[in-house]
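Numbering (our numbering), first residue to last: 7 to 178.
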Amino acid sequence: NSGTSIQLTVGTTYSVQALVTGITGVTIKYKITNTMTEIVMPLWTVNLNAKDQNNDEVFGAEIRFNNIYYPISSKLTLPKNYKAAIYGRNLGVVGPYTYFTFTDGLTDVNPGFWKATLTAKDQYGADVIGAEIRLNNINYAVGTELTLPKGYKAAIYARNLAVQGPVQYFIF
């Protein structure tokens, strides 16, 4: 624990690891001298962000690490040089992971989100008035903008006049 005091023997080498949020850092060997007053373990803190392809903030999105969801603008501290799989979630949808190495130069983590407008067009390219788009068992009006995790493969169905078409796949 941070701030824990223990007695160590001068001249002895100890292997030390940081443990943060259940993650163990690299092992560092310290040879104790008679002038040492502390052992400092390298940790790295980042800001958790959720931004779309236009660099706009995705309000309501969450960031997942180690099966824990964090609201955007949270901070996450892990052992320095740890390679973390980070996921984005919005509207109940979790996207694929992106790896980030917690080291020099990394200040912000954004797993990536993609904004798309739902449209329904006929074979001539004309908008189909009154059509709906069904995604994750929810019907959306044509023209609705959705922002989902980048890389998420969505099964989408077009509906018109109470008839649902075949599945189409869209990767956000």
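By construction, the Cβ of each residue, glycine as well, lies at the ideal position given by its N, Cα and C atoms. Computed from a prediction, not measured in an experiment: that's the story for all the values here.
Asked: F119 - DSSP class collapsed to helix/strand/coil; Found: strand
Asked: Pairwise C-alpha distance: T10 and F119; Found: 41 Å
Asked: Three-state secondary structure (DSSP) of S80; Found: coil
Asked: DSSP bridge partner residues for F176 (one or two, in chain order); Found: A160
Asked: Coarse secondary structure for T51, derived from DSSP in three states; Found: strand
Asked: Of the residues Y36, P85, L84, Y163, the one placed nearest A126, counting alpha carbons only; Found: Y163
Asked: C-beta contact flag for V52 and F108 at 8 Å; Found: yes
Asked: Simplified DSSP assignment, three categories, for F21; Found: One detail in the question is off: residue 21 reads as Ser in this sequence, not Phe. Here S21 sits in strand by DSSP.
Asked: Through-space distance from T83 to E151, alpha-carbon basis; Found: 33 Å
Asked: Nearest-angstrom Cα separation, counted from T33 out to L154; Found: 38 Å
Asked: Separation of I29 from V148, as counted between CA atoms; Found: 45 Å
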